[in-house]
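Quick note on numbering: full-length UniProt numbering labels position 26 of the sequence shown as 26, and the sequence is numbered without any gaps. Take a look at the structure below.
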Amino acid sequence: MHNILHADDPPHPLALGVAIGLFVTFTPTIGLQMLLVMLLAWALRANKVVGIPIVWLSNPATFVPIYLPCYQVGRLILGSEPKGRAWWHSLQHPPKGFLNKTEFYWTSIWEIIGPLTIGCLVVASVVAVIGYCVTYSVIYTYRMKRFGAATPPQD
């Protein structure tokens with residue numbers, strides 16, 4: 001946090017970098033998240049450094065707490081029925097044979113990918129807007145009290 005408050009950038013690019021990091025964190029783009037943050041930050045002229053550590057919030061230990069609520073939001077928006085025990089049980093007992101198994105898992109994934117994607121985009125948007133507003137406000141308030149200006153003085 002100290003590095004963000006004392007960075008040379010004005011509050012907007014810093015807050016936008018945080019918002020981009022938060023948005024990408026809540027999207028199902030595992031494995032591409034750091035690259036997406038860099039590309040979006042470049043395209044939107046945001047700070048490219050502050051968003052990268054934020055995407056580390058989504059890791060194997062946090063997948064369920066992040067993506068399950070997103071899936072539920074998407075399911076509610078789309079009006080989909082929740083997956084029952086039989087569906088989850090079937091994932092543990094796939095059909096025999098490589099091609100049958102592959103088809104089975106792809107079909108199963110497509111049943112949840114729509115609600116997951118919609119939910120992730122909605123949650124990501126809300127979290128990013130809140131993150132931008134809070135970050136901008138904190139940086140601006142801190143700098144005005146500390147330096148009397150929104151950008152720290154150059155030494």
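No residue lacks a Cβ here, since even glycine has one placed at the ideal position from N, Cα and C. As the structure is a prediction and not an experimental result, all values here were calculated from the model.
Simplified DSSP assignment, three categories, for residue i
| i | result |
| --- | --- |
| V123 | helix |
| E81 | coil |
| L91 | helix |
| F26 | coil |
| V18 | helix |
| W56 | coil |
| T102 | helix |
| G51 | coil |
| A128 | helix |
| P10 | coil |
| K96 | coil |
| G31 | coil |
| G148 | coil |
Check whether residue i and residue j have beta carbons under 8 Å apart
| i | j | result |
| --- | --- | --- |
| A19 | Y140 | no |
| Y136 | P11 | yes |
Same chain, Cβ closer than 7 Å to residue i, five either side skipped, listed in chain order
| i | result |
| --- | --- |
| residue 156 | The structure shown does not extend to residue 156, since the chain is modelled only from 1 through 155, so no value can be given for it. |
| D9 | N47 |
| I54 | V18, G21, L22, T25 |
| L57 | T25 |
Residues near residue i in its chain [Cβ-Cβ closer than 6 Å; skip 5 each side]
| i | result |
| --- | --- |
| T27 | C120, A124 |
| I52 | M34, V37 |
| E111 | none |
| N59 | none |
Neighbour-count burial assignment, residue i, 16 or more Cβ in a 10 Å radius
| i | result |
| --- | --- |
| N47 | buried |
| A149 | exposed |
| residue 221 | Nothing about residue 221 can be read from this structure; the chain reaches only from 1 to 155. |
| A61 | exposed |
| F23 | buried |
| Y105 | exposed |
| V129 | exposed |
| V134 | exposed |
| V50 | buried |
| L40 | buried |
| I118 | buried |
Spatial neighbours of residue i in its chain, beta-carbon cut-off 8 Å, leaving aside the 5 residues before and after
| i | result |
| --- | --- |
| Q92 | none |
| L44 | L16, I20 |
| S108 | W87, S90, L91 |
| M144 | A150 |
| G84 | none |
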